[in-house]
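Participant:
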Amino acid sequence: MIEPRTTLDPILLTVIANRLEGVTREMGAGMLRSSRSPIFAENKDFVTAVFDRRLRLVAQTAYIPVLMGASPFAVKAVSDHFGDDVEPGDVMILNDPYRGNNHAPDISVLKPVFFQGQLRFWVLSRGHHADIGGGGAAGRNPHAATAWEEGLRIPPAKLYRGGVYNRDVWEIILLNVRLRALVEGDLQCQVGACNVGDRALGQMLERYGRESVDRAIDEVLDRSEAQMRERIAVVPDGVYHASRQLDHLLEDGDAGRRPAIRLRVQVEGEGLHVDFTGSDPQIPVYYNSSYANTVSSCYIGLFSTIAPDVAVNEGAMRPVSVTAPEGTLVNPREGAPTTQCTVATCATIVEAVWMALSEAMPQRAQAAWARTNAGAGTALNRRTGRPGAFILHFAKGGGGATHGFDGWSHISPVSSMGGSRVPDPELYELTFPHRILQYEYRPDSAGAGEWRGGYGAVFALRFNEEGTALSVQTAMVPRGAAPWDETEGHL
Amino acid sequence: MTSSGGYQLVMSDSRDRYLVGVDVGGTFIDLMVSGSRHRLLRKTLSDPTDRAGALLAGLELVAEELGLSLREFLQRTDRIIHGSTIATNALLTRGGARTALLTTAGFRDVLNMRRGVRSDLYDPKQAPPDPLIPRQRIHPIAERVNGDGAVLEAVDEESVKQAVAAVRRSGVESVAVGFLFSFANDAHERAVGERLRAALPDVHVSLSSEVLPEVRLYERLSTTAVNAYVTPVLADYLESLERRLADKGFRGRLLVMQSSGGVMGLAPAARFGVRSILSGPAAGPVAGLWYAGLHGITDAITTDMGGTSFDVCLANRGEVEVTKEMEIAGHRIALPMVAVHTIGAGGGSIVSVDGRGLLRVGPESAGATPGPVCYGRGGTQPTVTDADLLIGYLSAERFWGGRLRLDEEAAQEAFRRQVAGPLGMDVVRAAYGAYQVVNASMVDAIREVSVRRGHDPRRFVLVAAGGAGPIHACAIARELDIGLILVPREASVMCAAGQLLSDLRHDFVKSCVMSLERLDRHTVEAHYRDLRQAAEDALLGEGVPRARIALSCAADVRYVGQFSEVEVPVTGTELTEDAVAGVARDFHRIHEMLNGYSMPEAAAEIVNLRVVGRGLADAAPMPARSGDGGASLTGRRNAFFDDGFIEVPVHDGHRLAAGENVRGPAIVEQETTTVVLPPGFQLACDACGNYLVHPDTHSVQESLERLRPAASASPGST
């Protein structure tokens, strides 16, 4: 039991905490309704969040958890970059994985929220775009050996300055992408989400006053921290090791070997530290995980094991620290390619965290999920005359079992923890010149066991016309799952 | 356990005709009878093993009250309008038909793959959902139609034969048929449907092209699967009810409420059970709007706080909000339904202290059994009703007209041990805290349907119904700055009242993708003409006189490339250039309000044209309040407001005369409803016995004026 530590009315506290979460939901609703690419509207591949003026994550919608844990890095990068040059009506953009983003196709749009002339909040919308230029299709270039080949990198910049449209920045971005109309519409959609958040927070401050809101935020964060500390305290003290390999075969001198992520989880009382020392060096292939993405993946592993009901905010993150040596797969030096980190590498890191924690808490052990689903591309639809971008979210794999429970079949991968949605096959066929031949469970794909893994899906596609550019990846079934016996996804 | 609303007994005379509204819930059946001279309402216990019997028993009691036999009463009844949660309960308790699905080969698992999502992200201990139709009862049929409706592959006879044999073998009672792109061409579904009906005459058949002829495969399959699952249960019930009513002399029309807020005939109801899945609660907002309309108000937020849930719904400019985003028990139902937003907050909601040391109310509920601690029926966890009792809002002696004596001491003890102690507060403060927290949840729910959708709640009257609603209404209104609350006389059975007030309704839609800038006005006008004709024909065919038919038009508009549309009203019968410009203007404005931005330079297109045809319900006359003229003041008791207990007067609501005022702090009690008036609020009894509650800074007239349409010039803005 936690004793109330402030004199703030506990009822008002609850009301404000709920309201802050409500604001992020209102922001997300607009994105689901109004995006141009199916990636927001149909797949929900985005997050919205509110940060206080001290850049602390206060509330969020988590359609895609891997984006969320990384978002504080983006707010900090933007705030550091602009310093005092932040005024009402500003809207900022950022996508550089080396400045607080996960990977380049996810663009962060942020807006400072002013109340009575003072900066009170930041709101953020981060979502996956149909195109970010570069050498691949739909922002995915498996041949990229460097970040420059992957696509446009946008440093912190202003889309609106004091409410005025900053044409230069928009034009630089839109000139560098193939699918201009989609990217422009979706950026506007993100700006809209920030405007919705800005309005709603202003109304909240007017209603409850600055002081009460500030105190409520402090209190909410402190309580989430205390809750997380309680959860960590339950984990037996100790150092737990794990190692997981990426589904990528190295070439040249290391031919045939798969790069490994190694970590140790150190639990001491109410604190938990993840140390990636010993992980393999970065590679010239797009699996490198930006630091923000690595930290975010650790949170997923942790929350999904010991704290599924704890609010994901800055307070809950306080007892957790992460070390990732520079130049490794999990904290590459600037310039390494990163596009796959949000899915495949995220899953690999989460597996390692699960594996380490399973030693400490066998009843909480979780088997690995299918790591990713294949492919992304662009296609021109001759019938409508419109180009479009797609991510082939259909071929979802199965989820891993946990002690006492079967895994879920055909579930969105670990990076979204089942939060992102498969596109509709009919809308897909109406939009793209492709025919879906098969989309159903693959029989016998679920691992056996007392608690079995989930079924994966088969997805077969025929291209009816020329004009499709496709980027696919293979090897999506993770080998070795808890209890890590070289079989698939079951216990 | 039954109770009447305490109206005067009036002997029926032979000229009286009746309309009956019925709301069959899980625990209670609510009845509302409207005659030419009077109304009766009655709450009676439901019997899940013989619902029709329980309903007939309830009707018999009503007849008795009117001094009639059941036969005499039914002979004089023109219409019975029926709402229920029978279909919902079949789904919630998995009590539906044994169901199979026939679907396009290659897409066998789309239904059970649920678009790859789960709602609780982080919980590792979640069992995968138990499918409504397991894989072994899903049969692939080789066939293919494309998005333009062209047949790419004819139906494979062999796979149909196998499927029919498998259905027969597995003892299936109901079959759903859902093929790819059947909304563009339904020939394959119809052909297979006919084969099934011919081969298996006892099996119910649902075609996705009839249940929901719209794009999106999973949504269409899921809605059709639910239809197949619940329809046999509902159809059996309705058939038996119709037969038993006829046996007892009923010659009128039995109509069924739809989840969309309109009423349908028995024939479609027996084929499309999914359409009435939320038919009970759907009637509430219709009723709320009607009560508001008595005072010339067309903007209403209707709330209904019962034992386990709080339902809220918004009606804007006389239109009840409708959504297609519903999910019930994890099953997606993509049909239009009255956008009733439900949260677990009711009289039975459990009050506790959570891991963070925060006071928590709901969503778990003690329900009717074991119920709140104070009921003394075995409940051990403190609830909102216990809190309401401890702060003096409920009377231990007069609850439910004195039928149930509340145990205040037990409630106190439960609060002390489980809430006040852990929080370090005294019992009354903790109880008042629970009252405030549950109010805050309800405020949030109201914000969800208003602010979040771009409506300023201050522009609306708050209609407060349900047994517990008017206890909390003033506090909620104050938090949202709402200037007027309406407590209907039938507050405790509002949904049954709503059944009586619901229009017959038919929705017609024509897909018509066309640039808004280069609109072919003649084509659009022609489509609207056809749709209006179809709506009119349907209503005339159901016996609605032409004078009672109302049609309204709208267009779904989006920026080119978007995946969802904004519905923009289209007024006037001629589409002038100005009218088109008006549609464009409204589209940009609504888009900005909803999504925080608009792109007036960007290309916009019309996607669908819509016409809603209504057969307007005969506005049942609301008999004037007769009031017994006796003094309404019945006593005084202590009630807690903000800083402490105040001794407040208690009035008997049934004795209030039309035009009479009660000034807060005070409590107005009726048998199944209690109105709590905090200091600063005032209640006026209208001519029909409804209550208008408002802050005493304004007169009731001023409060009404501010909400009437003329007063708020800027439509829809926040």
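So the protein lines, in turn, are chains A and B.
Following the working numbering, the numbering of the first sequence begins with 1425 at its first residue and continues without gaps.
Following the working numbering, the numbering of the second sequence begins with -13 at its first residue and continues without gaps.
Just so you know, even glycine gets a beta-carbon here, dropped at the ideal spot from N, CA and C.
The structure displayed is predicted, hence computed values, not measured ones.
Out of B:G348, B:F167 and B:L344, point me to the one whose CA is closest to I329 (chain B)'s CA.
Facilitator: Working through the second sequence from its first residue, we reach residue 329 (chain B) at position 343. Looking at the Cα atoms, B:G348 is the closest of the given residues.
Participant: What ranges does the beta strand (DSSP E) occupy inside the region 1717 to 1748 of chain A, keeping only unbroken runs of at least 3 residues that lie completely in it?
Facilitator: As far as the region 1717 to 1748 of chain A is concerned, its whole beta strand (DSSP E) runs of at least 3 residues are 1744 to 1747.
Participant: Select from A:I1596, A:Q1790 and A:A1800 the residue whose C-alpha is nearest the C-alpha of N1838 (chain A).
Facilitator: Here residue 1838 (chain A) refers to the residue found at position 414 when the first sequence is read from its first residue. The question names Asn, yet the displayed sequence has Val at residue 1838 (chain A). Considering only alpha carbons, the answer is A:Q1790.
Participant: Pick helix, strand or coil for K496 (chain B), following the three-state DSSP scheme.
Facilitator: Looking up residue 496 (chain B) in the second sequence gives position 510. Looking at K496 (chain B) - three-state DSSP - the assignment turns out to be strand.
Participant: Mind checking if H1858 (chain A) is an interface residue toward chain B, Cβ cutoff 9 Å exclusive?
Facilitator: To locate residue 1858 (chain A), count along the first sequence from 1; it is residue 434. So no, H1858 (chain A) is outside the interface.
Participant: Quick one: measure Cβ to Cβ for P635 (chain B) and A652 (chain B), integer angstroms, because I've assumed they're closer than 8 Å.
Facilitator: If you number the second sequence from 1, residue 635 (chain B) lands on position 649. If you number the second sequence from 1, residue 652 (chain B) lands on position 666. So it is a contact: roughly 5 Å between Cβ atoms.
Participant: Around the C-beta of H574 (chain B), are 16 or more other C-beta atoms found within 10 angstroms, so that it is buried, or is it exposed?
Facilitator: The residue given as residue 574 (chain B) occupies position 588 in the second sequence. H574 (chain B) is buried by the Cβ-count criterion.
Participant: Would you call the region 165 to 181 of chain B in contact with the region 197 to 217 of chain B, where contact means no fewer than 3 C-beta pairs closer than 8 Å?
Facilitator: Yes: the two stretches touch, three or more of their Cβ pairs being nearer than 8 Å.
Participant: Roughly how many angstroms separate the alpha carbons of F14 (chain B) and H125 (chain B), rounded to a whole number?
Facilitator: Your numbering for residue 14 (chain B) matches position 28 in the second sequence. Your numbering for residue 125 (chain B) matches position 139 in the second sequence. Using only the alpha carbons, I get a separation of about 40 Å.
Participant: Tell me E1692 (chain A)'s beta-bridge partners as DSSP assigns them.
Facilitator: Counting from one through the first sequence, the residue named residue 1692 (chain A) turns up at place 268. The partner list for E1692 (chain A) (beta bridge, DSSP) reads A:G1695.
Participant: Establish whether the CB of P1462 (chain A) and some CB of chain B are separated by less than 9 Å.
Facilitator: For the purposes of this step, residue 1462 (chain A) is taken as the residue at position 38 of the first sequence. Judged by the 9 Å Cβ criterion, P1462 (chain A) is in contact with chain B.
Participant: Under 9 Å between C-beta atoms, does N132 (chain B) make it to chain A?
Facilitator: Your numbering for residue 132 (chain B) matches position 146 in the second sequence. Yes, N132 (chain B) counts as interfacial toward chain A.
Participant: I'd like to know whether the C-beta of D106 (chain B) is nearer than 9 Å to at least one C-beta of chain A.
Facilitator: Taking the first residue of the second sequence as 1, we reach residue 106 (chain B) at position 120. Yes - at least one Cβ of chain A is within 9 Å of the one on D106 (chain B).
Participant: Starting from Q112 (chain B), find everything on chain A with Cβ-Cβ shorter than 8 Å and list it in chain order.
Facilitator: The sequence position of residue 112 (chain B) within the second sequence is 126, counting from 1. F1829 and W1832, listed in chain order.
Participant: With a cut-off of 9 Å, does the C-beta of R1582 (chain A) fall near any C-beta of chain B?
Facilitator: Reading the first sequence from its first residue, position 158 is the one you call residue 1582 (chain A). It is worth fixing the name first, because residue 1582 (chain A) is Lys in this sequence and not Arg. Not an interface residue.
Participant: Any contact of the region 306 to 320 of chain B with the region 518 to 534 of chain B, i.e. 3+ C-beta pairs under 8 Å?
Facilitator: Touching, no.
Participant: Could I get the ranges of all uninterrupted alpha helix (DSSP H) runs contained in the region 40 to 121 of chain B, with 4 residues as the minimum, in chain order?
Facilitator: Counting only runs of 4 or more, we get 56 to 61, 72 to 78 and 96 to 99.
Participant: On a Cα-Cα basis, can you pick out the residue from A:N1805, A:N1717, A:A1893 and A:R1845 that is closest to V1490 (chain A)?
Facilitator: For the purposes of this step, residue 1490 (chain A) is taken as residue 66 along the first sequence, with counting starting at 1. The shortest Cα separation from V1490 (chain A) among A:N1805, A:N1717, A:A1893 and A:R1845 belongs to A:N1717.
Participant: Answer yes or no: the CB of Y215 (chain B) versus the heavy atoms of the ligand ZN, is any distance below 8 Å?
Facilitator: You won't find the ligand ZN in this model; it holds no ligand whatsoever.
Participant: Counting contacts by CB-CB distance shorter than 9 Å, is Q1484 (chain A) in contact with chain B?
Facilitator: Indexing the first sequence from 1 puts residue 1484 (chain A) at position 60. Chain B, which has no Cβ nearer than 9 Å to the Cβ of Q1484 (chain A), makes this no.
Participant: What's the C-alpha gap between D1622 (chain A) and V1615 (chain A)?
Facilitator: Working through the first sequence from its first residue, we reach residue 1622 (chain A) at position 198. Working through the first sequence from its first residue, we reach residue 1615 (chain A) at position 191. For D1622 (chain A) and V1615 (chain A), the distance between alpha carbons rounds to 10 Å.
Participant: Against A1605 (chain A), what residues of chain B qualify as contacts under a CB-to-CB distance less than 7 Å, listed in chain order?
Facilitator: Translated into the one-based positions of the first sequence, residue 1605 (chain A) becomes position 181. In chain order: G547.
Participant: In whole angstroms, give me the CA-to-CA distance for D467 (chain B) and A540 (chain B).
Facilitator: If you number the second sequence from 1, residue 467 (chain B) lands on position 481. If you number the second sequence from 1, residue 540 (chain B) lands on position 554. If I take the Cα positions, the gap works out to 32 Å.
Participant: Which residue comes first and which comes last in the alpha helix (DSSP H) that contains M1785 (chain A)?
Facilitator: Taking the first sequence and counting its residues from 1, one reaches residue 1785 (chain A) at position 361. It is not in any alpha helix (DSSP H) - M1785 (chain A) carries neither H nor E in the DSSP assignment.
Participant: Determine, using beta carbons only, whether T1826 (chain A) comes closer than 9 Å to chain B.
Facilitator: Translated into positions along the first sequence, residue 1826 (chain A) becomes position 402. Judged by the 9 Å Cβ criterion, T1826 (chain A) is in contact with chain B.
Participant: Under 8 Å between beta-carbons, which chain B residues line up against F1727 (chain A)? List them in chain order, please.
Facilitator: Locating residue 1727 (chain A) in the first sequence gives position 303, counting from the first residue. Within 8 Å Cβ-Cβ: Y108.
Participant: Out of curiosity, what's the CA-to-CA distance linking V1593 (chain A) and G1559 (chain A)?
Facilitator: In the first sequence, residue 1593 (chain A) corresponds to position 169, counting from 1. In the first sequence, residue 1559 (chain A) corresponds to position 135, counting from 1. Answer to the nearest angstrom: the Cα atoms are 22 Å apart.
Participant: With a cut-off of 8 Å, do at least 3 Cβ pairs link the region 106 to 126 of chain B to the region 1722 to 1731 of chain A?
Facilitator: Yes, the region 106 to 126 of chain B is in contact with the region 1722 to 1731 of chain A.
Participant: For M1451 (chain A), list the residues DSSP reports as bridge partners.
Facilitator: Here residue 1451 (chain A) corresponds to residue number 27 of the first sequence, with the count starting at 1. According to DSSP, M1451 (chain A) bridges with nothing at all.
Participant: Can a CB atom of chain A be found closer than 9 Å to the CB of G343 (chain B)?
Facilitator: Here residue 343 (chain B) corresponds to residue number 357 of the second sequence, with the count starting at 1. Chain A, which has a Cβ nearer than 9 Å to the Cβ of G343 (chain B), makes this yes.
Participant: Inspect the beta-carbon positions of L380 (chain B) and T660 (chain B) and report whether they are closer than 9 Å.
Facilitator: Along the second sequence, read from residue 1 onward, the residue named residue 380 (chain B) stands at position 394. Along the second sequence, read from residue 1 onward, the residue named residue 660 (chain B) stands at position 674. It is a contact, given that the beta carbons lie within the stated cut-off.
Participant: Measure the alpha-carbon distance for M1451 (chain A) versus T1485 (chain A) and round it to whole angstroms.
Facilitator: Counting from 1 along the first sequence, the entry for residue 1451 (chain A) is found at position 27. Counting from 1 along the first sequence, the entry for residue 1485 (chain A) is found at position 61. Going by the C-alpha atoms only, they are around 9 Å apart.
Participant: For P1569 (chain A), which residues from the same chain have a beta carbon less than 6 Å from its beta carbon, with the 5 sequence-adjacent residues on both sides left out?
Facilitator: Counted from its first residue, the first sequence places residue 1569 (chain A) at position 145. Position check: residue 1569 (chain A) holds Ala in this sequence, whereas Pro was assumed. So the qualifying residues of the chain are P1708.
Participant: Helix, strand or coil, according to DSSP, for L375 (chain B) in the structure here?
Facilitator: As a working mapping, residue 375 (chain B) is identified with position 389 in the second sequence. In the structure shown, L375 (chain B) sits in a helix (DSSP, three-state: H, G or I).
Participant: Should V1471 (chain A) be flagged as near chain B, meaning a C-beta pair shorter than 9 Å?
Facilitator: Residue mapping note: residue 1471 (chain A) aligns to position 47 of the first sequence, counting from 1. No, because no Cβ of chain B sits closer than 9 Å to the Cβ of V1471 (chain A).
Participant: Per DSSP, which one or two residues make a beta bridge with H1665 (chain A)?
Facilitator: To locate residue 1665 (chain A), count along the first sequence from 1; it is residue 241. Partner(s): A:R1688.
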